[in-house]
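Asks:
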Ligand SMILES: C[S@@+](CC[C@H](N)C(=O)[O-])C[C@H]1O[C@@H](n2cnc3c(N)ncnc32)[C@H](O)[C@@H]1O
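Residue numbers (this note's numbering): 12 to 187.
Written out as structure tokens, the structure is:
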């Protein structure tokens, strides 16, 4: 009886699925202490404020020991938050501003597998232009409903959402 209850409650964490996806595609994932923990420690009232270590909070992605983008990705605790949200929300459409190298885009697509996910990036962060192609290619290989486009927020947001995410357009894409 206990075994049944616990085996029903066990699942593979989204963070582990996401890390494994990146590793399958030759990308190593490194993450830091949780940003909120860092801010709490760094601004303790009895101590002088401290800069974050090497200016590297959040999650960073590496190929052959080289960082592929300086756009810091969601921290692991934030990936866990997505996983919790997925137990109460089931969005059909998700729009993301800031793709960098796809970490939150692919994380959201894995957390909400029924959603159509569209992300926009204007390429200002190092590696984020290459990140558009890499994310689109990887999502396709992984069978995820993800499209990343080049564009700038806020001026391109209305057009991209209308073209890529309007309910009519989604129905048309779904039914051919
Ligand atoms: C912090 S990174 C995003 C990280 C991403 N959310 C993740 O978890 O992997 C910010 C990204 O937003 C892009 N960006 C910044 N300002 C933008 C804007 N106004 N419009 C579109 N993209 C923007 C940058 O090029 C960069 O790739």
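Glycine residues also receive a C-beta, built at the ideal position from the N, C-alpha and C atoms.
In terms of alpha-carbon separation, which member of 101, 80, 102 and 121 lies closest to residue 90?
Replies: By 1-based counting over the chain shown, the position of residue 90 is 79. It is 121.
Asks: Should the region 121-140 be regarded as contacting the region 84-100, the criterion being three or more beta carbon pairs within less than 8 Å?
Replies: yes
Asks: Rounded to whole angstroms, what's the CA-CA distance from residue 103 to residue 143? Just pull it up for me.
Replies: In the chain shown, counting from the first residue as 1, residue 103 sits at position 92. In the chain shown, counting from the first residue as 1, residue 143 sits at position 132. Going by the C-alpha atoms only, they are around 22 Å apart.
Asks: Exposed or buried, which one is residue 21 when buried takes at least 16 other CB atoms within 10 Å?
Replies: Position 10 of the chain shown, counted from the start, is the residue given in the question as residue 21. Per the 10 Å Cβ criterion, exposed.
Asks: Examine ligand 1 and report whether any of its heavy atoms sits within less than 7 Å of the Cβ of residue 112.
Replies: The sequence position of residue 112 within the chain shown is 101, counting from 1. Inclusion of residue 112 in the 7 Å shell around ligand 1 follows from its C-beta lying nearer than that to a non-hydrogen atom of the ligand.
Asks: So who's on the other strand from residue 41, going by DSSP bridges?
Replies: Counting from one through the chain shown, the residue named residue 41 turns up at place 30. Beta-bridge pairing links residue 41 to 71.
Asks: In terms of residues, what are the limits of the alpha helix (DSSP H) holding residue 150?
Replies: If you number the chain shown from 1, residue 150 lands on position 139. Per DSSP, residue 150 belongs to the alpha helix (DSSP H) from 139-153.
Asks: Whose CA, out of 56, 136, 167 and 147, lies closest to the CA of residue 71?
Replies: For this step, residue 71 is matched to residue 60 along the chain shown. Ranking 56, 136, 167 and 147 by Cα distance to residue 71 puts 136 first.
Asks: Cβ atoms of residue 55 and residue 149: under 8 Å apart, would you say?
Replies: Position 138 of the chain shown holds residue 149. Position 44 of the chain shown holds residue 55. The answer is no: Cβ separation not under 8 Å.
Asks: Please give the ranges of any beta strand (DSSP E) in the region 76-111, keeping only runs that are unbroken, at least 3 residues long and fully inside the region.
Replies: 104-108
Asks: In chain order, what residues of the same chain have a beta carbon less than 7 Å from the beta carbon of residue 164, not counting five sequence neighbours either side?
Replies: Working through the chain shown from its first residue, we reach residue 164 at position 153. Around residue 164: 108 and 131.
Asks: Look up residue 136 in the DSSP assignment and say whether it is helix, strand or coil.
Replies: Position 125 of the chain shown, counted from the first residue, corresponds to residue 136. The answer is coil: DSSP assigns residue 136 none of H, G, I, E or B.
Asks: From residue 68 to residue 171, what distance separates their C-alpha atoms?
Replies: Here residue 68 corresponds to residue number 57 of the chain shown, with the count starting at 1. Here residue 171 corresponds to residue number 160 of the chain shown, with the count starting at 1. Distance between the alpha carbons of residue 68 and residue 171 is about 30 Å.
Asks: For residue 28, which three-state DSSP category applies?
Replies: Residue numbering aside, residue 28 sits at position 17 when the chain shown is read from its first letter. Of the three classes helix, strand and coil, the one that applies to residue 28 here is helix, per DSSP.
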